[in-house]
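Q:
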DNA sequence: TGAAAATTGTGGAAATTCCAACAATTGCAT
DNA sequence: ATGCAATTGTTGGAATTTCCACAATTTTCA
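Residue numbers (this note's numbering), protein chains in the order written: chain A, 408 to 661; chain B, 408 to 661.
Written as structure tokens, this is what we have:
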């Protein structure tokens, strides 16, 4: 009965898709074969790259393709990562950190998770919370509010009221547009939360790539005097740079 | 040095994101602690839903929405959908609706998005918020709190305090176990939020499939007298049914 | 500061797994 | 039918893990 082996193999794989791990003894009992047989099955499937052994059992092989997360975040990813690294350098001494929403903020969150510890991150972005959450040495506090589907973050009165009652060392915000008037967001609801965040942090770091320079179709959520640091990936236009200087905003080009 | 434990925990999780499995002895050697300590770490992380044990080691917990779980969920998907439909029928007149977390709750959320309007949904689950959020006629309110990676939902004191200040017509909760004592959840943090939710709603609907019957390895978050309706997909065992009756819990078998 | 609680280490017995060599069985081709 | 190759079972000892109770240490808090 050569067929029985194949059958066992598929049964093993099936069992493995229902549970995160299986045990030699368990399967031997279940299939009515000896543990050695199961062991040999495992060896074979391991050679075939379908599973990987553990002491006493086996687990599903992790897809070599899905290994690192699929970064389909377009060409700007490298720039955003550079910006994020520089941003986190800037706030490395924080104990309480406010982070806004947006693609850049998520990159910052990844950096925070990878490099910081003993810190509390407060955010209204689902993506940021999830990104920081992988590090269990970092406490992630979610801000309440109305769910905003387009941004997957919370907004509105509850969010703002909640923010009134806390303090942070830094706030890190992205922007959908950066002009001489200040950073802004296309969505007024988000802008309002950003403003509230800024009022609760000792220092404010704005992170935005060069594509945001002089995009004004947005609601300004802060004035430059309130901003401590502006992190970007290319030298800003002359007028903008001048404005930053005159408002004593620290400029970081990553 | 209490910090060292948390540090170990994250290191374990980190190691687990790089490899499909880790071993007790290996980590003990690597961290310079005894195997018993690692074992205890595993126990704790298991309780927290972060990993699952194997003989001699541990593997990453299949988080909801991931590969293996998807397959197992698809087996129960039809049942969950039936349960969800019946549940939403039951609460169709709600204006403010509390929804908990878990796979069943997400199905309920989908039904709510598909069929209800002019209603406010309050939840602490990211997945539920996202599911309901597709319908722009439904307001989704997110509960604040500490982010719980395993469940992708918020927990802790902030969540509970927030709940104290609101009122809802119904609360819909899933359960990881349903016994004669009442519904329960494996994670104490989640159970605490569920309890808080129940105290704020006029009526309480518990939705759980038959696989949850008489699973007691969990923290009970409510007593039957507090429950208005129990929705499931098969007739419960006799004793459980009797308990429901004597507590005047409406039983719906979808 | 002192007591209670939490964390970690230790030691030994019991259970489990691993490994390798060998025997038994089965399928299949000649 | 015979023989070969593949598959599976068995066995025994070595290695590993688990479990439990208890001690040592550290942390917390009144």
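Glycine is no exception: its CB is placed at the ideal position from the N, C-alpha and C atoms.
1) Give me the Cβ distance between residue 544 of chain A and residue 558 of chain A, rounded to the nearest whole Å; I'm assuming they're in contact under 8 Å.
2) Can you confirm whether the stretch 625 to 643 of chain A touches the stretch 522 to 536 of chain A when touching is taken to mean that 3 or more C-beta pairs between the two stretches lie within less than 8 Å?
3) Using a cut-off of 8 Å between C-beta atoms, extract the partners of residue 462 of chain B located in chain A.
4) Going by the CB atoms, is the gap between residue 597 of chain A and residue 562 of chain A shorter than 8 Å?
5) With a CB to CB cut of under 7 Å and the five nearest residues on each side skipped, what residues in its chain are close to residue 430 of chain A?
6) Please list, in chain order, all residues of the same chain as residue 489 of chain A whose beta carbon is under 7 Å from its beta carbon, the five residues on each side excluded.
7) So, is residue 595 of chain A buried or exposed, given that buried needs 16 or more other C-beta atoms within 10 angstroms?
8) Let me know if residue 466 of chain B comes out buried or exposed under the rule of 16 or more other beta-carbons within 10 Å of its beta-carbon.
9) List the whole-angstrom C-beta distance separating residue 600 of chain A from residue 579 of chain A, where the pair is believed to meet the contact cut-off of C-beta under 8 Å.
10) Taking Cβ-Cβ distances shorter than 7 Å, what residues in chain B pair up with residue 556 of chain A?
11) For the putative contact between residue 659 of chain B and residue 651 of chain B, defined by C-beta atoms under 8 Å, what is the C-beta separation to the nearest angstrom?
12) Report the three-state DSSP secondary structure of residue 412 of chain B (helix, strand or coil).
13) How is the alpha helix (DSSP H) around residue 647 of chain A delimited, first residue to last?
14) Residue 588 of chain A: buried (16+ other C-beta within 10 angstroms of its C-beta) or exposed?
15) Strictly below 9 Å CB to CB, what residues from chain B border residue 552 of chain A?
16) If you drop the 5 nearest sequence neighbours on each side, which residues of the same chain put their C-beta closer than 8 Å to that of residue 482 of chain A?
17) Does the CB of residue 537 of chain A have a neighbour CB from chain B at under 8 Å?
18) Please classify residue 649 of chain B as buried or exposed, where buried requires at least 16 other C-beta atoms within 10 Å of its C-beta.
19) Does DSSP classify residue 657 of chain A as helix, strand or coil?
20) Just to make sure I have the definition right: I need the residues of chain B whose C-beta is within less than 9 Å of the C-beta of residue 559 of chain A. Which are they?
21) Taking C-beta to C-beta, are residue 427 of chain B and residue 459 of chain A nearer than 8 Å?
22) On the three-state DSSP scale, how would you describe residue 459 of chain B?
23) Expressed to the nearest angstrom, what Euclidean distance is found between the alpha-carbon atoms of residue 457 of chain A and residue 420 of chain A?
24) With DSSP as the reference, label residue 430 of chain A as helix, strand or coil.
25) Hey, would you say residue 505 of chain B sits closer than 8 Å to residue 529 of chain B, going by beta carbons?
26) Taking C-alpha atoms, which residue in A:623, A:619, A:625 lies nearest to residue 637 of chain A?
27) Span of the beta strand (DSSP E) holding residue 550 of chain A?
28) Please list, in chain order, all residues of the same chain as residue 509 of chain A whose beta carbon is under 7 Å from its beta carbon, the five residues on each side excluded.
29) On the criterion of 16 or more Cβ atoms from any shown chain inside 10 Å, does residue 412 of chain B qualify as buried, or is it exposed?
30) Using beta carbons (cut-off 8 Å, strictly below), is residue 420 of chain B in contact with chain A?
31) Which chain A residues sit within Cβ distance under 7 Å of residue 487 of chain B?
32) Run through chain A and tell me which residues come within less than 7 Å of residue 417 of chain B, C-beta to C-beta.
33) So that I know if they touch, is there some Cβ in chain A lying closer than 8 Å to that of residue 412 of chain B?
34) Roughly how many angstroms separate the alpha carbons of residue 422 of chain B and residue 556 of chain A, rounded to a whole number?
35) Taking only beta carbons into account, state which residues of the stretch 559 to 585 of chain B come closer than 8 Å to chain A, listed in chain order.
A: In brief:
1) In fact, because the Cβ distance is near 27 Å, the residues do not count as touching under 8 Å.
2) no
3) 430, 461, 462, 463, 464
4) yes
5) 463, 464
6) 640, 661
7) exposed
8) buried
9) Not really, about 13 Å apart at Cβ, beyond 8 Å.
10) 540, 541
11) About 11 Å; that fails the 8 Å criterion.
12) helix
13) 645 to 653
14) exposed
15) 548, 549, 551
16) Annotation note: pLDDT 49 at residue 482 of chain A (below 50); position unreliable, coordinate value reported separately. Once the five neighbours on either side are set aside, residue 482 of chain A has no close Cβ partner at all.
17) yes
18) exposed
19) strand
20) 533, 536, 537, 540
21) yes
22) strand
23) 8 Å
24) strand
25) yes
26) A:619
27) Residue 550 of chain A -> no beta strand (DSSP E), and no H or E assigned at all.
28) 581
29) exposed
30) yes
31) Going along chain A, no residue has its Cβ under 7 Å from residue 487 of chain B, so there is no contact; the nearest lies around 16 Å.
32) 542, 543, 544
33) no
34) 34 Å
35) 559, 561, 565, 569
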